[in-house]
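First the structure, in the form of structure tokens, and then the observations on it.
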Amino acid sequence: TMPPNLFLQNFQSKQTAQQQFHVTASLSILCLHYYNFKHHWKMTDLHSKIGDTTSPYIYCLAPIESLYFVRSKEGKIYLHSLIMTSVANMSSEALPHIAMYPWFAIGHLYSFMDTANKLAERGHIISFFLPTKTQTKLEPLNLYKDLISFIPITVPHVDGLPSGTEITADIPRSSLSLLTTAFDLTEPTIDSSLRDIKPHFVFYDFAHWLPSLARRLCIKAICLSVVGPPAVGYLISPERKLIEKPITVVDLKAPPQRFPPSSIKLSAHESREALTLLTVKKDGQGGISFVERLMISYIDCDALVFKACREMEGIYCDYLEAQFRKPVILSGPMVPRPPTSALENKWATWMDGFEAKTMIFCAFGSECILKKDQFQELILGLELSGLPFFAVLKPPIGVETIESALPKGFEERVMGRGLVHGEWVQQQLILQHPSVGCFVTHCGSNSSAEGLVSECQLVLLPHAVEQYIIARELAGDIKLGVEVEKGEEDGLFTREGVCRAVRAVMDDDSKVGQEVRANHTKWRELLLSTGLENSYLDSFVQRLYSLLE
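Right under this line is the structure:
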């Protein structure tokens with residue numbers, strides 16, 4: 001925080017003449033917080049009087065060059081901002097209206113919902129397109145029901161797609177191309193709806209046809225990526241020329257030539273998986289491939305938006321801006337909202353019986369399903385660590401129940417200190433429990449975010465393409481976790497590898513343990529620092545507005 005007299009001294013060299021200030025567009029400053037003098041000032045708790053209208057509280061973030069400060073005869077300090085005078089007096093109805101149409105996957109829907117809540121918090125009206133029956137899953141997450149409206153979409157019938165299918169969780173991966181075909185068949189419905197609601201922006205991710213549709217309707221098309229900047233840069237950078245020439249496994253093992261210096265690379269088995277994903281066709285034969293869909297989505301948009309912060313991923317954002325030649329706008333890091341409920345009593349009571357920071361919590365999300373042999377290696381590795389553990393995993397492929405997948409004698413050996421559970425649990429609350437000291441995660445984006453802001457040490461065991469890149473970033477670039485070793489060709493891990501990774505992060509005296517603890521503490525403090533998230537969100541909103549000029 002800087003005293004008022006220093007504000008004026010710092011701005012004397014800016015030629016902020018008093019004649020540029022007029023009383024009808026003044027803001028009487030109650031509180032100013034300094035974040036970064038080179039980039040911006042953040043103003044909170046401002047009282048404004050514009051014409052005959054008074055707005056008691058306004059959030060503002062603007063480039064330093066757009067702000068003008070003067071002192072009145074009474075000694076009060078005033079601020080004038082060209083940006084502020086254009087938006088300060090807007091009602092919710094006057095603020096830009098935003099439509100959203102995410103891909104039919106629960107992670108994408110949840111990610112868009114989080115962004116919708118943050119924009120609604122600032123008064124924006126949101127129209128959210130989603131599959132009809134999926135609405136019930138998102139309604140509890142809608143924190144601003146007066147501003148966020150759901151527009152249900154009927155998923156068109158496609159031969160071979162099971163009746164009632166709406167999202168990726170409803171089908172096996174082999175049917176994914178059929179769901180993308182159904183998704184694209186909604187284009188006429190979206191076109192008609194956008195003509196009716198007339199938004200200023202439409203946020204999308206996989207609907208590669210939306211930018212051209214939006215352009216015809218004079219709507220700005222914003223590609224809101226649920227994939228982080230490192231993964232986008234590594235996999236689909238324009239310098240790979242993915243549409244012009246076939247990509248190979250060898251190509252994907254290394255980053256693009258101009259990719260920032262990094263620990264990120266893929267093994268042979270990971271590259272094969274990435275290649276399979278990128279070359280999947282919409283209809284399984286002659287339709288648009290997944291990589292073409294992504295490239296068109298990124299190239300044709302008016303701006304790219306990522307849930308990221310420059311402090312952690314700035315070099316990748318600069319790379320993407322140069323490669324795609326589009327504005328790259330950051331909405332800030334993914335900081336999970338604090339849970340409002342209490343941990344279920346049966347789990348709290350059981351976990352209370354262990355010493356602080358000694359328990360391993362292992363969870364792989366709602367869509368990660370292991371093969372039986374890898375499922376067993378994982379839980380045997382937890383057993384081998386000698387520490388208490390709580391594993392939340394789906395039954396393995398081809399196995400109906402968790403109990404039938406457990407190794408012989410396992411339950412008896414770990415009774416009282418280990419538990420494997422197959423249903424949903426309150427992950428955030430478990431990570432906050434005093435007994436939990438280690439989080440074994442599959443590196444899904446939401447789980448990674450929850451792990452980063454927890455006090456648990458991270459063991460990384462990724463199982464999908466983007467997750468591999470997240471793991472390399474966390475373990476290699478910023479060194480705040482340890483990744484479980486896997487085979488280069490087969491991608492298999494062992495119980496011994498799981499145990500080694502757990503012991504490495506849990507050993508207070510080891511060099512690795514000390515390093516990851518120190519780095520985790522540093523990044524956790526940054527992500528939770530007062531004002532960081534709001535400053536990014538305010539900048540995000542301001543940069544969106546600039547696209548309308």
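The numbers in the UniProt record's numbering rise by one with no breaks, and the one at position 40 of the sequence shown is 40.
Glycine residues also receive a C-beta, built at the ideal position from the N, C-alpha and C atoms.
Identify every residue that forms a DSSP beta bridge with residue i.
i: residue 441; result: 363 and 460
i: residue 222; result: 203 and 303
i: residue 100; result: 128 and 203
i: residue 152; result: 130
i: residue 329; result: 305
i: residue 419; result: 390
i: residue 436; result: 359
Between residue i and residue j, what straight-line distance do the alpha-carbon atoms span, to the nearest angstrom?
i: residue 363; j: residue 549; result: 46 Å
i: residue 160; j: residue 178; result: 7 Å
i: residue 146; j: residue 113; result: 15 Å
i: residue 443; j: residue 407; result: 25 Å
i: residue 550; j: residue 402; result: Outside the displayed range of the chain (1 to 549) lies residue 550, so it cannot be described from this structure.
i: residue 198; j: residue 219; result: 8 Å
i: residue 190; j: residue 353; result: 53 Å
i: residue 383; j: residue 418; result: 7 Å
i: residue 129; j: residue 186; result: 11 Å
i: residue 250; j: residue 264; result: 15 Å
i: residue 539; j: residue 533; result: 10 Å
i: residue 536; j: residue 142; result: 21 Å
i: residue 415; j: residue 388; result: 10 Å
i: residue 463; j: residue 239; result: 26 Å
i: residue 542; j: residue 324; result: 21 Å
i: residue 446; j: residue 334; result: 8 Å
i: residue 524; j: residue 518; result: 10 Å
i: residue 277; j: residue 133; result: 27 Å
i: residue 291; j: residue 256; result: 15 Å
i: residue 104; j: residue 302; result: 22 Å
i: residue 176; j: residue 168; result: 7 Å
i: residue 332; j: residue 494; result: 37 Å
i: residue 513; j: residue 261; result: 25 Å
i: residue 144; j: residue 120; result: 6 Å
i: residue 502; j: residue 315; result: 30 Å
i: residue 490; j: residue 380; result: 20 Å
Thinking residue i and residue j are a contact (beta carbons under 8 Å), I'd like their distance in whole angstroms, please.
i: residue 460; j: residue 471; result: 4 Å
i: residue 480; j: residue 516; result: 5 Å
i: residue 259; j: residue 237; result: 7 Å
i: residue 225; j: residue 253; result: The pair is not a contact, with the Cβ atoms about 23 Å apart (cut-off 8 Å).
i: residue 210; j: residue 295; result: Actually they are not in contact, since the Cβ atoms of residue 210 and residue 295 sit about 14 Å apart, beyond 8 Å.
i: residue 361; j: residue 439; result: 5 Å
i: residue 319; j: residue 233; result: 5 Å
i: residue 229; j: residue 308; result: 6 Å
i: residue 484; j: residue 476; result: Their Cβ separation, rounded to whole angstroms, is 14 Å, which puts residue 484 and residue 476 out of contact at 8 Å.
i: residue 527; j: residue 453; result: 6 Å
i: residue 182; j: residue 156; result: 5 Å
i: residue 99; j: residue 148; result: In fact, because the Cβ distance is near 11 Å, the residues do not count as touching under 8 Å.
i: residue 456; j: residue 431; result: 6 Å
By Cβ distance below 8 Å, which residues in the same chain neighbour residue i in space, the five residues on each side in sequence not counted?
i: residue 567; result: Since the displayed the chain opens at 1 and closes at 549, residue 567 lies outside it and no answer follows.
i: residue 341; result: 426 and 429
i: residue 405; result: 372, 375, 376, 395, 396 and 399
i: residue 171; result: 161, 162, 165, 178 and 179
Near residue i, what residues of its chain come up, given a Cβ to Cβ distance below 6 Å and the 5 sequence neighbours on each side ignored?
i: residue 394; result: 369
i: residue 97; result: 125, 199 and 200
i: residue 429; result: 339 and 343
i: residue 390; result: 361 and 419
i: residue 38; result: Below a pLDDT of 50, predicted positions are generally treated as unreliable, and residue 38, at 31, falls in that range; the measurement from the model is reported next regardless. Nothing listed; no residue qualifies.
i: residue 327; result: 303
By Cβ distance, which residues of its chain are closer than 7 Å to residue i, with the 5 residues on each side in sequence left out?
i: residue 554; result: Look at the range of the chain in this structure, 1 to 549, and you will see that residue 554 is not part of it.
> In the region 233 to 279, which residue ranges form an unbroken alpha helix (DSSP H) of at least 4 residues, counting only runs that do not cross its ends?
Replying inline: 249 to 253 and 268 to 278
>> List, from N- to C-terminal side, the beta strand (DSSP E) runs of 3 residues or more that fit wholly inside the region 332 to 389.
In response: 359 to 363
> Taking only runs of the beta strand (DSSP E) that begin and end inside the region 477 to 502, which ones reach a length of at least 3 residues, in chain order?
Replying inline: 481 to 483
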